[in-house]
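Undergrad: Line by line, the protein sequences are chains A and B. Last residue of the first sequence: 64 (my numbering), numbering continuous. Last residue of the second sequence: 702 (my numbering), numbering continuous.
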Amino acid sequence: MRIIVDRGRCTGQGMCESLVPDLFEVDDDGVLELKADAPPEGRLAEVEEAVACCPNVALRLER
Amino acid sequence: MTRVRRLVVVGAGLAGVRAAESARQAGFDGTITMIGAETHLPYDRPPLSKAFLDDAEPSVPELVIGDELGVELLLGTPATGLDTAARAVLTGERRVPYDAVVLATGASARNVFEPDGLTGVHTLRTRDDAVAVRRALDAGARTVVVGAGFIGSEVASGARRRGLGVVVVEAQPVPLVRAVGERMGAMCADLHRHHGTGLRCGVSVAAIEGAGHVERVVLSDGSVLPADLVVVGAGATPATEWLDGSGLELDDGVVCDETLCAGPPGVYAAGDLARWPNPVFGRSMRLEHWTAAAEQARVAARNAVDPAAAKPCSTVPYFWSDWYGRRIQFAGIPASDEVRIVEGEPGGNAPLVALYREGDRLAGALTVDGRARVMKYRALIQRGASWEQALAHHTETNRQGVPG
Numbered sequence: 002m003r004i005i006v007d008r009g010r011c012t013g014q015g016m017c018e019s020l021v022p023d024l025f026e027v028d029d030d031g032v033l034e035l036k037a038d039a040p041p042e043g044r045l046a047e048v049e050e051a052v053a054c055c056p057n058v059a060l061r062l063e064r
Numbered sequence: 299m300t301r302v303r304r305l306v307v308v309g310a311g312l313a314g315v316r317a318a319e320s321a322r323q324a325g326f327d328g329t330i331t332m333i334g335a336e337t338h339l340p341y342d343r344p345p346l347s348k349a350f351l352d353d354a355e356p357s358v359p360e361l362v363i364g365d366e367l368g369v370e371l372l373l374g375t376p377a378t379g380l381d382t383a384a385r386a387v388l389t390g391e392r393r394v395p396y397d398a399v400v401l402a403t404g405a406s407a408r409n410v411f412e413p414d415g416l417t418g419v420h421t422l423r424t425r426d427d428a429v430a431v432r433r434a435l436d437a438g439a440r441t442v443v444v445g446a447g448f449i450g451s452e453v454a455s456g457a458r459r460r461g462l463g464v465v466v467v468e469a470q471p472v473p474l475v476r477a478v479g480e481r482m483g484a485m486c487a488d489l490h491r492h493h494g495t496g497l498r499c500g501v502s503v504a505a506i507e508g509a510g511h512v513e514r515v516v517l518s519d520g521s522v523l524p525a526d527l528v529v530v531g532a533g534a535t536p537a538t539e540w541l542d543g544s545g546l547e548l549d550d551g552v553v554c555d556e557t558l559c560a561g562p563p564g565v566y567a568a569g570d571l572a573r574w575p576n577p578v579f580g581r582s583m584r585l586e587h588w589t590a591a592a593e594q595a596r597v598a599a600r601n602a603v604d605p606a607a608a609k610p611c612s613t614v615p616y617f618w619s620d621w622y623g624r625r626i627q628f629a630g631i632p633a634s635d636e637v638r639i640v641e642g643e644p645g646g647n648a649p650l651v652a653l654y655r656e657g658d659r660l661a662g663a664l665t666v667d668g669r670a671r672v673m674k675y676r677a678l679i680q681r682g683a684s685w686e687q688a689l690a691h692h693t694e695t696n697r698q699g700v701p702g
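1. Cα-Cα, which of B/Leu-435, B/Ala-386, B/Gln-470 and B/Leu-548 is closest to B/Ala-354?
2. Closest Cβ-Cβ distance between B/Gln-687 and chain A: below 9 Å?
3. Is there contact here, the segment 320-329 of chain B with the segment 595-607 of chain B, by at least three beta-carbon pairs under 8 Å?
4. With respect to the beta strand (DSSP E) encompassing B/Ile-506, which residues constitute its N-terminal and C-terminal limits?
5. Using beta carbons (cut-off 9 Å, strictly below), is B/Gln-698 in contact with chain A?
6. So B/Met-482 and B/Val-637 are supposed to be a Cβ contact under 8 Å. How far apart are they, rounded?
7. For the alpha helix (DSSP H) that contains B/Pro-696, what are its first and last residues?
8. By the criterion of Cβ-Cβ separation under 8 Å, what are the contact partners of A/Ala-39 in chain B?
9. From the beta carbon of A/Asp-7, is the nearest beta carbon of chain B less than 9 Å away?
10. Please compile the residues from chain D whose C-beta is within a distance smaller than 8 Å of the C-beta of B/Gln-594.
11. Determine which residues of the segment 646-673 of chain B have a Cβ less than 9 Å from any Cβ of chain A, and write them out in chain order.
12. At a CB-CB cut-off below 9 Å, which residues of chain A make contact with B/Glu-319?
13. Under the three-state reduction of DSSP, which class applies to B/Asp-426: helix, strand or coil?
14. Sort A/Arg-3, A/Asp-23, A/Asp-29 and A/Ile-4 by Cα distance to B/Gly-668 and report the nearest one.
15. Chain A partners of B/Arg-676, CB-CB under 7 Å?
16. Quick check: what's the CA-CA separation for B/Gly-702 versus A/Asp-7?
17. Put B/Pro-536 into one of helix, strand or coil per three-state DSSP.
18. Could you tell me the alpha carbon to alpha carbon distance between B/Pro-605 and B/Thr-557, rounded to whole angstroms?
19. From B/Asp-550 to A/Met-16, what distance separates their C-alpha atoms?
20. Return no unless some Cβ of chain B is closer than 9 Å to the Cβ of A/Glu-73.
21. From what residue to what residue does the beta strand (DSSP E) around B/Asp-327 run?
22. List the residues of chain A that B/Trp-588 touches, going by C-beta distances under 9 Å, in chain order.
23. Whole angstroms are fine: how far does the CA of A/Ala-59 sit from the CA of A/Ala-39?
24. Can you tell me whether B/Val-453 is buried or exposed, with buried defined as 16 or more other CB within 10 angstroms of its CB?
25. Examine chain B for any beta-carbon lying closer than 9 Å to the beta-carbon of A/Glu-63, and answer yes or no.
26. Answer with yes or no whether the minimum CB distance from B/Gly-702 to chain A is below 9 Å.
27. Run through DSSP, which three-state label would B/Phe-411 get?
28. Can you list, in chain order, the residues of the segment 25-39 of chain A whose Cβ is nearer than 9 Å to any Cβ on chain B?
29. Contact criterion: CB-CB distance below 9 Å. Does B/Arg-322 meet it with respect to chain A?
30. Quick check on A/Gln-45: buried or exposed, where buried means 16 or more other Cβ atoms within 10 Å of its Cβ?
31. May I have a chain-ordered list of the beta strand (DSSP E) segments no shorter than 3 residues that lie completely inside the segment 424-474 of chain B?
32. Name the DSSP beta bridge partners of B/Ser-582, please?
33. Got a sec? Which residues, its chain only, sit under 6 Å from B/Val-522 by beta carbon, not counting five neighbours each side?
34. Where does B/Ala-318 sit, in a helix, a strand or coil, going by DSSP?
35. What is the DSSP secondary structure of B/Thr-589, counted as helix, strand or coil?
As structure tokens, then:
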């Protein structure tokens, strides 16, 4: 399972960051940085929530 | 309870589009019909007062509804009524039947000045509005903005970028008091003045005059501002006229429960028109924020297609605004027990962070050029963090250094 960011759609608002602040981080230029490529053990539900919450539909999980 | 087979989404803005997508993501395989008043394909509004006014080659980002979603689009078709007994949305003569409906008609710009045949007086809400404002700015219009809200302030910023003279008129003594509180409102005022925008607070507009095209704005103190373009940024009202007589409770928006259900079975609301008790703050709210529209749409659509598993909508308000190349971001509510600037200083060029306290709780956070900071505070607010925890977070990030 990998976390994929569609850079064309991401506007760096950081809704994901506000849900899972240790895995998603927006920098001062508004670029989203993933702190992990995949949801860590036992944290899939949180990451799914962050993915679903993206107002730009820029995040997805890929098997 | 019959299974939901027909979902109707009324409104083709962000909330409408996200509602359709979210229903599909939730596995809904019935029909989706989206009803939109404008003839344009769905588009994204925030850029209309930002990049669309500033960029050399402006474009309006479309909100793409993928073919795979199988959405039937009825554009240029304003909804005129809702029959909750027969479960149908009315569009003039036509009836669009539903099993579940998401009301997402948004809000309309409040135009307190009837243009009275005068050209050059605009609100800024739709794509057509933005095209007209942009054209006037490009033509070098002397600009008067009525109302120092975020959209008006972004227009002022767009005018200054072109070196045009612009005056913002605000009836309150300080701009944005309701949005960010008095102290930070004063900081926003300074940002205008610093960039050469005239700011007239504590006066109102007595008249907008001209012969055919606008020529001047007369203020309540008798002063006269010459103008080729007037942008009225006087807020928005929820677009619920079409629901008058539907039996829904309307009170500055469609009154919903925690799950965004508006009362009758299958009727949900999302976006600017939804008023609901937000569990994060335990109070009734109506938000006109882009991210709230997306979030509410997701919750409303999921609940609409699977009401047995309905979940509450719990979201921390968040908005941003771009002024003079700087980004203002606000998360939470502008509580007034205490506002503490924990980083930067008003008038400085460095990032600024101000925290808002309510009781012993962190209620809000405002940042200027603090994109790497603001969402950590939003996370704290969502979790109900205490004021002490918020201050500790600040100390901790300062010790570590902020990423980026």
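Even for Gly, the Cβ is constructed at its ideal location relative to N, Cα and C.
TA: Short version:
1. B/Leu-435
2. no
3. yes
4. 503-509
5. no
6. 7 Å
7. For the sequence presented, residue 696 of chain B should be read as Asn rather than Pro. Its alpha helix (DSSP H) spans residues 685-698.
8. Per Cβ cutoff of 8 Å: no residues; A/Ala-39 is ~20 Å from chain B at best.
9. no
10. Reference to chain D is not applicable here, since the protein chains of this structure are A and B.
11. Pro-649, Asp-667, Gly-668, Arg-669, Ala-670, Arg-671, Val-672 and Met-673
12. Val-58
13. helix
14. A/Asp-29
15. Ser-19
16. Low confidence applies here, because B/Gly-702 scores a pLDDT of 45, under 50, leaving its location unreliable and the question unanswered by this model.
17. strand
18. 9 Å
19. 27 Å
20. Any question about residue 73 of chain A goes unanswered here, given that chain A covers just 2 to 64.
21. Careful: B/Asp-327 lies outside any beta strand (DSSP E) and carries neither H nor E.
22. Gln-14 and Pro-56
23. 16 Å
24. buried
25. no
26. Unreliable placement is indicated for B/Gly-702, whose pLDDT of 45 sits below 50; no coordinate value is reported for it.
27. coil
28. Phe-25, Glu-26, Val-27, Asp-28, Asp-29, Asp-30, Gly-31, Val-32 and Glu-34
29. no
30. First, the residue type needs correcting, since residue 45 of chain A is Leu and not Gln in the sequence shown. Label assigned to A/Leu-45: exposed.
31. 441-444 and 464-468
32. B/Pro-575
33. Arg-514 and Val-516
34. helix
35. helix
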